[in-house]
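Q: Quick one: this structure, given as structure tokens, is what I'll be asking you about.
In the working numbering, the protein residues as written are 1 to 124.
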């Protein structure tokens with residue numbers, strides 16, 4: 001009888017400790033998170049920019065050319081990569097734009113997305 005109580009107590013402790021440790025564990029998703037979400041707006045019309053625009057992000061020696069899904073849709077970059085980025089936007093129709101440094105941080109699982117909107121001025 002005494003051994004059954006000890007086994008029950010031991011089992012209870014294992015379950016209790018196991019549950020407590022599980023609550024401290026961090027469970028990450030398999031989601032792929034982009035560090036930058038960039039929208040480009042025409043400064044004159046306040047509408048999303050359509051057409052040929054090149055967006056380049058740079059962090060030290062790392063450089064990435066961002067691809068928009070389609071005109072007027074945000075550009076995404078710095079996938080699961082924290083860092084301090086400078087964004088350069090060039091176009092035949094708009095003045096070249098260079099951003100101030102933008103810091104992308106991360107938590108235990110993913111980067112924290114930084115969303116930016118830039119108003120671009122048309123070339124004269």
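No residue lacks a Cβ here, since even glycine has one placed at the ideal position from N, Cα and C.
Out of 37, 85, 80, state which residue places its alpha-carbon closest to the alpha-carbon of residue 101.
A: As a first step, residue 101 is located in the chain shown; it is residue number 101 there, counting from the start. Looking at the Cα atoms, 85 is the closest of the given residues.
Q: With residue 66 and residue 97 assumed to form a contact (beta carbons below 8 Å), what rounded beta-carbon distance in angstroms separates them?
A: Counting from one through the chain shown, the residue named residue 66 turns up at place 66. Counting from one through the chain shown, the residue named residue 97 turns up at place 97. Not really, about 13 Å apart at Cβ, beyond 8 Å.
Q: In three-state terms, what does DSSP make of residue 48?
A: Here the question's residue 48 lines up with position 48 in the chain shown. Correct three-state label for residue 48: strand.
Q: Would you please state the rounded distance, in angstroms, between the beta carbons of residue 104 and residue 36? I believe it to be under 8 Å.
A: For the purposes of this step, residue 104 is identified with residue 104 of the chain shown, where counting begins at 1. For the purposes of this step, residue 36 is identified with residue 36 of the chain shown, where counting begins at 1. Yes, residue 104 and residue 36 are in contact; Cβ-Cβ is about 6 Å, under 8 Å.
Q: For the segment 69-99, list the beta strand (DSSP E) runs that are entirely contained and at least 3 residues long, ordered along the chain.
A: The qualifying runs are 75-79, 83-91.
Q: Opposite residue 38 in the DSSP bridges: which residues?
A: By one-based count along the chain shown, residue 38 stands at place 38. According to DSSP, residue 38 bridges with 75, 116.
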